[in-house]
Ligand code: FES
Ligand code: FES
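Chains as they are written, first to last, in the working numbering: chain Y, 7 to 163; chain A, 35 to 832.
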């Protein structure tokens with residue numbers, strides 16, 4: 007069945023017609039062409055499709071869009087809207103945290119949720135928080151550095 | 035090291051901004067108007083005869099544009115329905131028979147993926163199940179069901195032309211090496227060590243699954259956009275399959291979301307090409323993760339090793355390696371050959387025999403996987419090195435150093451070893467882990483940019499945790515090994531210098547995360563004497579970028595690097611000639627740096643690139659074009675003895691050193707510190723070398739500790755990322771250090787070799803060796819799961 011929902015996407019309110027079976031991932035990619043949201047496992051196990059739903063990290067492949075009426079979604083496309091990189095993006099860049107880069111948007115969104123909750127996370131908190139995001143290029147040490155660096159930068163340090 | 039301006043500098047990746055903003059173009063983002071989506075019906079049986087297929091109801095489904103079967107393709111005039119890089123044994127869609135669970139049987143192109151999937155539900159296929167053989171050892175028994183009665187030659191690679199299929203057997207290729215008198219050495223041995231090691235089939239898991247898109251353009255040419263590591267191969271093979279000239283096919287490759295060997299040769303390209311030709315519309319096929327598991331795997335192996343020792347020296351080794359290549363040979367025969375000949379290790383052993391077999395089973399096809407089979411043989415031989423050293427009561431590091439080949443020594447094939455930093459890698463890895471009471475010397479600090487370094491330093495150094503206590507035991511392990519680069523292979527490149535001093539590099543090397551774009555720019559810039567950000571590297575496009583064998587096997591830095599360097603040198607020669615003519619001096623006295631050409635030792639006598647162009651052409655907007663080719667050759671191996679004066683262009687040396695902690699109650703093994711040492715030749719960009727070492731090691735840590743595809747009755751039991759675990763950020767020890775060894779190669783570009791796989795090679799054996807060091811049990815099968823370790827401890831009464 008098709009139904010209309012209203013979704014705030016990267017700060018902009020969108021009225022969308024979605025099917026009951028459509029995932030949030032399909033709506034963001036196929037409908038809104040937000041290509042940073044990437045499918046990899048399709049079952050909520052890899053974090054490639056991580057977006058923020060009302061500020062909390064979720065797997066877009068695992069949520070039905072029809073249930074999200076009135077909610078707010080944020081993707082990497084929303085981070086550098088004014089043309090300058092977000093501090094987390096800048097930290098990922100400087101610490102070479104992206105290799106093939108396929109997993110990167112998911113990591114950045116997960117890191118954003120973490121740093122908004124804990125300004126100065128411990129290494130264990132970073133590890134716990136990012137353990138649902140997989141990077142087959144194996145760039146984890148640089149991702150750790152990037153998140154620490156971003157924490158320093160965002161807390162004004 | 036020589037004084038270079040850009041080579042050896044940790045230049046930032048040029049694709050970084052695109053990647054952190056999520057804007058990098060991938061095939062998945064491409065949506066030409068009128069795009070159709072593909073879904074494929076796959077076999078539920080591991081081995082069966084196809085009795086009938088009824089697709090009539092699917093064809094009339096709403097939104098369906100085409101439904102194809104293997105029989106439909108076989109009936110198309112002029113089309114060859116089989117493909118494969120070693121043998122043409124794989125049908126695009128199954129013909130008469132299916133040979134593994136998940137084999138592609140019927141393809142639908144429809145307005146949406148969902149419409150295509152719905153249509154598939156209406157296809158009826160009747161199967162008649164056949165006997166199944168899954169185990170690689172069972173498959174070579176005389177009464178085993180034969181999986182291919184007939185195998186067509188491929189012709190895709192000239193160097194595989196000698197590969198002949200086995201006769202009425204599941205062994206589709208056998209590599210043999212005979213050196214010295216093995217039997218006599220065993221008869222005289224003081225001690226004989228005999229072990230069997232296994233490694234299971236596993237998954238590459240690039241985060242971007244396979245995806246390909248095809249359309250026929252207004253001129254009737256077939257255009258392919260594909261996530262492929264081998265655009266040149268795809269073009270050549272498709273031209274042959276479709277019976278059209280190569281220039282009627284155009285293959286383009288944007289950034290890849292990882293490859294690791296999974297995206298080589300033809301995968302989805304024939305299906306999208308045929309469906310685009312059938313429908314006249316653009317067609318895209320994206321695999322789901324579940325389909326990935328049915329598409330290509332890492333070779334499972336059984337390795338039998340028998341080693342003779344006299345005094346403290348190894349005098350003979352006998353290796354039998356059985357490679358499970360699955361239902362189709364894929365590139366198996368090449369792996370069986372190239373990795374086969376290294377399976378006795380980089381050690382001085384006078385008498386060796388090797389038999390390496392490529393064996394069909396009813397599993398999904400196995401293909402190249404980061405390391406090209408070498409991690410599997412090192413897993414065996416460097417586990418056994420430890421067993422032998424411990425058996426003789428010698429220090430495992432010293433034992434390796436004593437037996438390791440050095441500069442000029444002959445490898446077991448009779449090829450001299452050159453520029454192979456094996457001993458240095460072993461020593462530095464051992465030092466880093468604090469081997470044998472040595473003070474730990476941690477590996478290289480990451481070569482980060484200045485801004486990053488400032489923020490990182492505050493984070494402090496990472497150190498392993500508290501000492502072992504209670505049920506926990508700690509141990510250290512080391513392993514080493516070498517890989518021979520795939521030879522022969524070919525890379526071509528074109529460099530275009532523009533009148534404003536910028537340059538374009540035309541290369542078919544695929545950027546899949548390894549940093550090849552930035553690295554090739556550094557090489558071109560160094561040679562041309564311009565800044566690296568003035569160099570644009572064109573993405574692979576077979577209409578404009580020359581032939582390249584594959585982006586794999588740690589070959590691009592050396593091969594494409596040499597091709598680009600030669601192409602740039604040719605442009606530079608033309609540039610120098612123009613300047614020399616204008617200044618009336620000898621071109622041999624000129625030098626290029628910072629966008630200027632000048633007389634060596636007299637910088638004021640010279641001109642900018644732009645002025646040189648004016649001198650040469652009398653106008654701007656012009657270009658100078660240079661071409662380069664790198665084509666190392668081999669001396670073919672003797673078919674009976676496997677001997678060759680030159681079997682490879684260069685060697686990669688790898689060493690891993692680890693410290694582990696094992697819980698004797700649960701069998702759980704945790705890696706506390708990891709040091710990945712690899713010889714890069716010259717590190718063109720040290721940052722990428724470090725990333726490759728750590729990335730490869732991390733990937734193989736997962737393969738060592740928990741990754742395996744589990745089959746039961748021919749059905750895969752864990753074909754999704756819910757059930758198949760790969761290494762996450764929690765599995766990487768806080769102390770995880772790369773060690774970039776640099777022994778320049780005389781023919782490498784600025785001395786460089788390659789390093790993409792080096793960190794992968796020695797992980798498994800190092801961890802198993804550390805496990806024995808910690809708790810005194812030897813496990814000969816990976817993955818080293820807690821269950822397996824627990825079981826081994828129980829059997830040993832510990
Ligand atoms: S694709 Fe959504 S979690 Fe993997
Ligand atoms: S950068 Fe390639 S998967 Fe993370």
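Glycine included, every Cβ here is placed at the ideal spot set by N, Cα and C.
Under 7 angstroms: does the beta carbon of residue i sit that close to some heavy atom of ligand 3?
i: residue 241 (chain A); result: For ligand 3, the structure offers nothing, since it holds only ligand 1 and ligand 2.
Run through chain Y and tell me which residues come within less than 9 angstroms of residue i, C-beta to C-beta.
i: residue 733 (chain A); result: 142, 143, 144
i: residue 847 (chain A); result: Residue numbering for chain A in the displayed model covers 35 to 832; residue 847 (chain A) lies beyond these limits and cannot be assessed.
Give a yes or no on whether 8 angstroms exceeds the smallest Cβ distance from residue i to chain Y.
i: residue 903 (chain A); result: Beyond the ends of chain A as shown, which are 35 and 832, falls residue 903 (chain A); an answer cannot be given.
i: residue 729 (chain A); result: yes
i: residue 300 (chain A); result: no
i: residue 290 (chain A); result: yes
i: residue 743 (chain A); result: no
i: residue 454 (chain A); result: no
i: residue 491 (chain A); result: Confidence at residue 491 (chain A) is low in this model, with a pLDDT of 47, below 50, so the placement of that residue should be treated as unreliable; the coordinate-derived value is given next. Judged by the 8 angstroms Cβ criterion, residue 491 (chain A) is not in contact with chain Y.
i: residue 498 (chain A); result: Low confidence applies to residue 498 (chain A): its pLDDT is 45, below 50, so where it sits in the model is not reliable, and the reading given next is rough at best. It does not: the Cβ of residue 498 (chain A) has no partner Cβ on chain Y nearer than 8 angstroms.
i: residue 49 (chain A); result: yes
i: residue 495 (chain A); result: Note on residue 495 (chain A): pLDDT 40, under 50, position unreliable in the model; the coordinate value appears next. No, residue 495 (chain A) lies away from the interface with chain Y (no Cβ there is under 8 angstroms from its Cβ).
i: residue 297 (chain A); result: no
i: residue 323 (chain A); result: yes
i: residue 204 (chain A); result: no
i: residue 723 (chain A); result: no
Give the residues of chain Y in contact with residue i, contact being defined as C-beta atoms less than 8 angstroms apart.
i: residue 242 (chain A); result: 44, 46, 106, 108
i: residue 546 (chain A); result: 106
Flag this pair as yes or no: are the beta carbons of residue i and residue j separated by less than 8 angstroms?
i: residue 89 (chain Y); j: residue 17 (chain Y); result: no
i: residue 94 (chain Y); j: residue 114 (chain Y); result: yes
i: residue 827 (chain A); j: residue 809 (chain A); result: yes
i: residue 284 (chain A); j: residue 305 (chain A); result: no
i: residue 775 (chain A); j: residue 455 (chain A); result: yes
i: residue 62 (chain A); j: residue 315 (chain A); result: no
i: residue 547 (chain A); j: residue 106 (chain Y); result: yes
i: residue 152 (chain Y); j: residue 53 (chain A); result: no
i: residue 237 (chain A); j: residue 743 (chain A); result: yes
i: residue 422 (chain A); j: residue 376 (chain A); result: no
i: residue 348 (chain A); j: residue 383 (chain A); result: yes
i: residue 669 (chain A); j: residue 213 (chain A); result: no
i: residue 161 (chain A); j: residue 82 (chain A); result: yes
Can you confirm whether residue i, when its beta carbon is compared against all beta carbons of chain A, has any partner nearer than 8 angstroms?
i: residue 79 (chain Y); result: no
i: residue 169 (chain Y); result: One cannot answer for residue 169 (chain Y) here, as it falls past the ends of chain Y, which runs 7 to 163.
i: residue 127 (chain Y); result: no
i: residue 83 (chain Y); result: yes
i: residue 86 (chain Y); result: yes
i: residue 171 (chain Y); result: There is no way to answer for residue 171 (chain Y), as the model of chain Y reaches only from 7 to 163.
i: residue 49 (chain Y); result: yes
i: residue 11 (chain Y); result: no
i: residue 15 (chain Y); result: no
i: residue 98 (chain Y); result: yes
Whose Cβ in chain A lies nearer than 9 angstroms to the Cβ of residue i?
i: residue 54 (chain Y); result: 241, 242, 291
i: residue 72 (chain Y); result: By Cβ distance, chain A contributes nothing, its closest Cβ being about 15 angstroms from residue 72 (chain Y), past 9 angstroms.
i: residue 31 (chain Y); result: Within chain A, no residue comes near residue 31 (chain Y); the closest Cβ sits about 12 angstroms away, beyond 9 angstroms.
Mind listing the chain A neighbours of residue i? Cutoff is C-beta to C-beta under 7 angstroms, in chain order.
i: residue 137 (chain Y); result: 762, 763, 764
i: residue 111 (chain Y); result: 56
Name, please, each residue of chain Y whose Cβ falls closer than 7 angstroms to the Cβ of residue i.
i: residue 770 (chain A); result: 147
Counting by C-beta, which residues lie closer than 5 angstroms to a heavy atom of ligand 1, in chain order?
Y:45, Y:46, Y:47, Y:50, Y:52, Y:54, Y:55, Y:65, Y:67
Report yes or no: do three or more beta-carbon pairs, one from the segment 566-584 of chain A and one from the segment 672-688 of chain A, lie closer than 8 angstroms?
no
Does the segment 277-285 of chain A come into contact with the segment 518-536 of chain A, if we say contact requires no fewer than three beta-carbon pairs (one atom in each stretch) closer than 8 angstroms?
no
Which residues have their C-beta within less than 7 angstroms of a heavy atom of ligand 2, listed in chain order?
Y:104, Y:105, Y:106, Y:107, Y:108, Y:109, Y:110, Y:141, Y:142, Y:143, Y:145, A:241, A:291, A:292, A:547
Between the segment 602-618 of chain A and the segment 627-647 of chain A, can you find at least three pairs of beta-carbon atoms closer than 8 angstroms?
yes
With a threshold of 8 angstroms, are at least 3 pairs of Cβ atoms found where one atom belongs to the segment 108-115 of chain A and the other to the segment 160-175 of chain A?
no
Using 8 angstroms as the Cβ pair cut-off and three pairs as the minimum, do the segment 35-52 of chain A and the segment 120-138 of chain A touch?
no
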